[in-house]
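4 protein chains.
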Amino acid sequence: MGAVKTKRMPRAVREQQMLDAAVRTFGQRGYMAASMDEIAELAGVSKPLVYLYLNSKEDLFTACIRREATALVAAVRAGARPGLPADRQLWSGLTAFFTHTARHPDGWAVLHLQARTHGVVFAAEVAAMRAEIVEFVTQLILAAARDAHRDPDLPEREVAGLAEALVGAAESLADWANTTPGVTVRQSAATLMNFAWAGLGDLMAGRRWTPPDDEPGPETAQSGLTSPVT
Amino acid sequence: MGAVKTKRMPRAVREQQMLDAAVRTFGQRGYMAASMDEIAELAGVSKPLVYLYLNSKEDLFTACIRREATALVAAVRAGARPGLPADRQLWSGLTAFFTHTARHPDGWAVLHLQARTHGVVFAAEVAAMRAEIVEFVTQLILAAARDAHRDPDLPEREVAGLAEALVGAAESLADWANTTPGVTVRQSAATLMNFAWAGLGDLMAGRRWTPPDDEPGPETAQSGLTSPVT
Amino acid sequence: MGAVKTKRMPRAVREQQMLDAAVRTFGQRGYMAASMDEIAELAGVSKPLVYLYLNSKEDLFTACIRREATALVAAVRAGARPGLPADRQLWSGLTAFFTHTARHPDGWAVLHLQARTHGVVFAAEVAAMRAEIVEFVTQLILAAARDAHRDPDLPEREVAGLAEALVGAAESLADWANTTPGVTVRQSAATLMNFAWAGLGDLMAGRRWTPPDDEPGPETAQSGLTSPVT
Amino acid sequence: MGAVKTKRMPRAVREQQMLDAAVRTFGQRGYMAASMDEIAELAGVSKPLVYLYLNSKEDLFTACIRREATALVAAVRAGARPGLPADRQLWSGLTAFFTHTARHPDGWAVLHLQARTHGVVFAAEVAAMRAEIVEFVTQLILAAARDAHRDPDLPEREVAGLAEALVGAAESLADWANTTPGVTVRQSAATLMNFAWAGLGDLMAGRRWTPPDDEPGPETAQSGLTSPVT
DNA sequence: CATGAATGAGGGTTCATTCAT
DNA sequence: CATGAATGAACCCTCATTCAT
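Residue numbers (our numbering), protein chains in the order written: chain A, 27 to 256; chain B, 27 to 256; chain C, 27 to 256; chain D, 27 to 256.
Pasting the structure below:
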């Protein structure tokens, strides 16, 4: 198994092969369970060559994270074209996101599962990428508010929290779609848009769901599903 | 550190001590980095006894997952009392969830981070628990629809997706709250309720955000935040 | 080969076996060329046990140095009994030294060759032992001066230099005796006594060999072998 | 750093550059810790060329030993000019020896430390050179005896031992001088001459320090510093 | 049951050494 | 000859796991 053993390739090519193998192995086995032996074999090279090019397991993992993070951000940015209205941009950004994570499940596992579980150094690496996406979504939300000519009193802090929640929900859905068979990209994106867009609209309109007092006891709460809307 | 070394305890108690130590070690060090030596020492027990009671590292980890999963589900179920209206049930269920994950960060790390990153066997174990919670939320959504006397055309698949998204968002928020200092349980729950409830209400009212055709091309869509309502 | 594989020995015994094997291997192969595998096999144990008891190759080497250094100093001290006159004490100290180094050639190689060639940490370890012996010899020289009622103007600094030279010569002779077949302990000791004792006496009497001017050119120097004596 | 990269040099020159780099690296890092990569880089040469010219690490090391040994012997021989009386010849030989070792510390480290600590093959190489120097010193001692017209009963074996001791002491002093700052060549040579010359003179005059019987027991020996003379 | 003794198996890392270009 | 690509063979170290007492 593994790539066909072709000899004497230029360094750049070999490095990509190694990163391919590493992402796959790290994504499936996990960072610690992945052995450099397995990665080297899967890449069709000897272990010393992996070390010659990528120095150490940590560096190799970091290189994987960087490559996958860059690719993911690029995919999302390429998906959401700036000319469109905000909701359409969000839609196509989500579509691109789900498409990319579905096409690169190991890369996504490396970013979302492995990198966050094995040391702050790696976690920081993905946190940087995530922050970029969150910022992107934040701008989208603000743009949507401008589009709707409604900018009542949404403090920047709250917008950031909403973007966090949206991104978090998207990440969870990506995991779910990757694990559950038969879920299409459009379904995931549509679910999330439906789930989130109205909530955003309500918030911007100043309508909120008010939590009850802390330990309410038996009271006749009459809040229904339609209550926040009206 | 570690439990005080007391002799001759009944097996059930000893096992709980071991699981306590294991959950803590697995949660903090990670599955692979946790050593049986450390767990045994933290439990105040000799290593052979750990093997006598729990067979292997894998079995020990599985036992940890099962115990923590059961506890989490129980906490959520206990939180949401059946008599209340659906949104209040969801609110108290979320509150219970965030409270539990905040009080048992190592258990939560075991379930949400470690179990999903180290082999399908463990992942399946948490998937079962998660399915239980998702089903619980699904029933809540359906009950909410009944409460509102509006059950137009919500296909089961879509409800499942919504429940997934809600649970996923809750999980993300739990992680975020566990990592970010100064975030209270009420804040997390309120953020999520605000974010989600309106979307759910809109969906049940038949209002949805309609995705564009697949490769949209340059079209002059002027949908703003209110557009999905129309 | 190696020790007969006896199982379940108390730790102290096993440790000595390991140190025996380590001293032998380090002495013959050298620190870097010695492999932990070989040492473990020679000791009749598995490699992990060596690590369990002695932590690392460095620690193992340090333990070897300490054990051999302590043994050597003890042997020399035991040899030179305090009641005798200084020259006799020196004689028996030298005899003990040569006897010990001849009986433990690997230990001597560890101390004199390996420890000095592989890192300052190890070198410092033997330097401490050597300083102890040099101090011992220094005291012997001073005692000899007292015995002979001649304490003219021998500055402490010079005595230290002489002790250094004497110890250095003894070390070299030990190497030589270990490498050249047919050299007895008595021969080595006698050679060194004859070589050194008169020089010491002359120095204490204030007689020195005076070096010529720096670049003398062709001059009729008439210093013979007897000149310093007179 | 390293030699300036100049192209197309004759083989002999290239080889010397490699040997220079090798001696320096071996002397500072030690035989095993020195890597062929480092040597090649320091020599300003590609690694395959090193192998083309010098075959292997072992051969390269042997070549270093031979070159440095030859240079050292030549320096000593050149120092001691045959016309002078024996003590002056010894003096100038020692001076040359200390001068050379001080000027080529890496070469000296290779000969005296590295070659003796890494396998019998290398040790034999330096042993041959050392034998040459010892023989040279032996001849000097015999010449001195002739000069003094006193050749009583000096057995060849004993002369050899004396030469060994003298050379060994010189070697120790060279190490000491190389490690201790502020020690001049003249000081080293003077120390050794003072230390040794009287002993030699006494021996040639037939005066020796007589060792006691093997297991002496409690006897009232009152030998002081002057006793061997009597 | 608790303890100390003990190990098989494997993981990360390095290095001398060799070809093809 | 110089260079970059490539590797076989170790080496140090660790850990889950098991017995004998």
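Idealized CB from N, CA, C, for every residue including glycine.
All values reported here derive from a predicted model rather than from experimental measurement.
task: On a CA-only basis, which of D:136, D:142, D:234, D:200 is nearest residue 52 of chain D? Give me that one, please.
output: By one-based count along the fourth sequence, residue 52 of chain D stands at place 26. Checking every option, the nearest Cα to that of residue 52 of chain D belongs to D:136.
task: Show which residues of chain A have a CB atom less than 7 Å away from the CB atom of residue 212 of chain B.
output: Working through the second sequence from its first residue, we reach residue 212 of chain B at position 186. What residue 212 of chain B touches in chain A: 237.
- prompt: By how many angstroms is the C-alpha of residue 167 of chain B removed from the C-alpha of residue 150 of chain A?
  reply: Here residue 150 of chain A is taken as the residue at index 124 of the first sequence, counted from 1. Here residue 167 of chain B is taken as the residue at index 141 of the second sequence, counted from 1. If I take the Cα positions, the gap works out to 37 Å.
query: For the region 209 to 223 of chain A against the region 118 to 138 of chain A, are there 3 or more C-beta pairs whose distance is under 8 Å?
result: Yes, the region 209 to 223 of chain A touches the region 118 to 138 of chain A.
- prompt: Listed in chain order, which residues of the region 131 to 151 of chain B have Cβ atoms closer than 9 Å to some Cβ of chain A?
  reply: 135, 139, 140, 142, 143, 144, 145, 149
- request: Could you round the C-beta distance between residue 198 of chain A and residue 197 of chain B to whole angstroms and report it? I think they count as a contact, below 8 Å.
  value: On the first sequence, position 172 is the one that residue 198 of chain A refers to. On the second sequence, position 171 is the one that residue 197 of chain B refers to. Contact between residue 198 of chain A and residue 197 of chain B holds, since their C-beta atoms are separated by about 6 Å, short of 8 Å.
field: C-alpha distance - residue 57 of chain A paired with residue 50 of chain A, whole-angstrom precision
entry: Numbered from its first residue, the first sequence carries residue 57 of chain A at position 31. Numbered from its first residue, the first sequence carries residue 50 of chain A at position 24. Going from the Cα of residue 57 of chain A to the Cα of residue 50 of chain A covers about 11 Å.
field: Through-space distance from residue 61 of chain B to residue 104 of chain A, alpha-carbon basis
entry: Here residue 104 of chain A refers to the residue found at position 78 of the first sequence. Here residue 61 of chain B refers to the residue found at position 35 of the second sequence. Roughly 45 Å separates the two Cα atoms.
message: Given a cut-off of 9 Å on the beta-carbon distance, is the pair residue 193 of chain C and residue 152 of chain C in contact?
response: On the third sequence, residue 193 of chain C is found 167 positions in, with the first residue counted as 1. On the third sequence, residue 152 of chain C is found 126 positions in, with the first residue counted as 1. In this structure, residue 152 of chain C does not lie closer than 9 Å to residue 193 of chain C by Cβ.
field: Assumed close pair residue 80 of chain A, residue 86 of chain A - CB separation to whole angstroms, cut-off 8 Å
entry: Residue numbering aside, residue 80 of chain A sits at position 54 when the first sequence is read from its first letter. Residue numbering aside, residue 86 of chain A sits at position 60 when the first sequence is read from its first letter. Rounded, the Cβ-Cβ distance is 4 Å, consistent with contact.
query: For the candidate residues D:113, D:202, D:236, whose alpha-carbon lies nearest to that of residue 218 of chain C?
result: By one-based count along the third sequence, residue 218 of chain C stands at place 192. Nearest of D:113, D:202, D:236 to residue 218 of chain C, Cα basis: D:236.
- request: Would you kindly work out how many angstroms separate the C-alpha atoms of residue 200 of chain B and residue 128 of chain B, rounded to a whole number?
  value: By 1-based counting over the second sequence, the position of residue 200 of chain B is 174. By 1-based counting over the second sequence, the position of residue 128 of chain B is 102. Between residue 200 of chain B and residue 128 of chain B, the C-alpha separation is close to 8 Å.
query: Beta-carbon separation of residue 238 of chain B and residue 223 of chain A under 9 Å?
result: Locating residue 238 of chain B in the second sequence gives position 212, counting from the first residue. Locating residue 223 of chain A in the first sequence gives position 197, counting from the first residue. Not a contact, by the Cβ cut-off of 9 Å.
query: Can you give the Cα-Cα distance for residue 225 of chain A and residue 209 of chain A, rounded to whole angstroms?
result: Start at 1 with the first residue of the first sequence, and residue 225 of chain A comes out as number 199. Start at 1 with the first residue of the first sequence, and residue 209 of chain A comes out as number 183. Rounded to whole angstroms, residue 225 of chain A to residue 209 of chain A spans 24 Å at the Cα level.
- prompt: Could you give the distance in angstroms between the alpha-carbon of residue 90 of chain B and the alpha-carbon of residue 182 of chain A?
  reply: Indexing the second sequence from 1 puts residue 90 of chain B at position 64. Indexing the first sequence from 1 puts residue 182 of chain A at position 156. Distance between the alpha carbons of residue 90 of chain B and residue 182 of chain A is about 41 Å.
message: What would DSSP say about residue 126 of chain D, mapped onto helix, strand or coil?
response: As a first step, residue 126 of chain D is located in the fourth sequence; it is residue number 100 there, counting from the start. DSSP places residue 126 of chain D in the helix class (H, G or I) of the three-state scheme.
query: Under 9 Å between the Cβ atoms of residue 102 of chain D and residue 159 of chain D?
result: If you number the fourth sequence from 1, residue 102 of chain D lands on position 76. If you number the fourth sequence from 1, residue 159 of chain D lands on position 133. For residue 102 of chain D and residue 159 of chain D, yes; Cβs fall inside 9 Å.
field: Whole beta strand (DSSP E) elements within the region 35 to 91 of chain C, 3-residue minimum
entry: none
C-alpha gap between residue 146 of chain B and residue 140 of chain B, whole angstroms: Along the second sequence, read from residue 1 onward, the residue named residue 146 of chain B stands at position 120. Along the second sequence, read from residue 1 onward, the residue named residue 140 of chain B stands at position 114. Approximately 11 Å, taken between the alpha carbons.
task: Give the residues of chain D in contact with residue 103 of chain C, contact being defined as C-beta atoms less than 7 Å apart.
output: Here residue 103 of chain C refers to the residue found at position 77 of the third sequence. Correct list: empty, because the minimum Cβ distance to chain D is about 17 Å.
task: Taking 9 Å as the cut-off, decide whether the C-beta atoms of residue 112 of chain C and residue 155 of chain C are in contact.
output: Translated into the one-based positions of the third sequence, residue 112 of chain C becomes position 86. Translated into the one-based positions of the third sequence, residue 155 of chain C becomes position 129. Not a contact, by the Cβ cut-off of 9 Å.
query: Given residue 185 of chain C, which residues of its chain have a CB within under 8 Å of its CB, disregarding the five upstream and five downstream residues?
result: For the purposes of this step, residue 185 of chain C is taken as the residue at position 159 of the third sequence. Answer for residue 185 of chain C: 164, 167, 168, listed in chain order.
message: At a cut-off of 8 Å, would you count residue 168 of chain B as near the ligand ZN, judging by its Cβ distance to the nearest heavy atom?
response: Looking for the ligand ZN in the displayed structure turns up nothing, as the structure carries no ligands at all.
- prompt: Roughly how many whole angstroms lie between the Cα atoms of residue 195 of chain B and residue 74 of chain A?
  reply: Position 169 of the second sequence, counting from 1, holds the residue named residue 195 of chain B. Position 48 of the first sequence, counting from 1, holds the residue named residue 74 of chain A. Rounded to the nearest angstrom, the two C-alpha atoms are 43 Å apart.
- request: Determine, using beta carbons only, whether residue 81 of chain A comes closer than 9 Å to chain B.
  value: For the purposes of this step, residue 81 of chain A is identified with residue 55 of the first sequence, where counting begins at 1. Residue 81 of chain A has a beta carbon lying at 9 Å or more from every beta carbon in chain B.
query: Quick one, which residues of the region 56 to 73 of chain B are near chain A if we go by CB-CB under 9 Å, in chain order?
result: Under the 9 Å Cβ criterion, the region 56 to 73 of chain B contributes 56, 57, 58, 59.
task: State yes or no: is the C-beta of residue 144 of chain C within less than 9 Å of the C-beta of residue 98 of chain C?
output: Translated into the one-based positions of the third sequence, residue 144 of chain C becomes position 118. Translated into the one-based positions of the third sequence, residue 98 of chain C becomes position 72. Not closer than 9 Å, so no.
task: Would you mind sorting residue 39 of chain D into buried or exposed? The rule is 16 or more other CB atoms within 10 Å of its CB.
output: For the purposes of this step, residue 39 of chain D is taken as the residue at position 13 of the fourth sequence. It counts as exposed.
field: Buried/exposed call for residue 44 of chain C, threshold 16 Cβ in 10 Å
entry: As a working note, residue 44 of chain C is residue 18 in the third sequence. By the neighbour-count rule (16 or more Cβ atoms within 10 Å), residue 44 of chain C is buried.
field: Where the region 217 to 228 of chain B meets chain A: residues whose CB sits under 9 Å from a CB there
entry: Listed in sequence order: 217, 218, 219, 220, 221, 222, 223, 224, 225, 226, 227, 228.
- request: Identify whether residue 138 of chain B lies in helix, strand or coil by the three-state DSSP scheme.
  value: In the second sequence, the residue the question calls residue 138 of chain B occupies position 112. Look at residue 138 of chain B here: in three-state DSSP terms it is helix.
task: Note the first and the last residue of the continuous alpha helix (DSSP H) segment covering residue 163 of chain A.
output: For the purposes of this step, residue 163 of chain A is identified with residue 137 of the first sequence, where counting begins at 1. It spans 146 to 173 - the alpha helix (DSSP H) in which residue 163 of chain A sits, taken as one unbroken run.
field: Cβ of residue 48 of chain D within 9 Å of any chain C Cβ
entry: Within the fourth sequence, the letter at position 22 stands for residue 48 of chain D. No - not a single Cβ of chain C is within 9 Å of the one on residue 48 of chain D.
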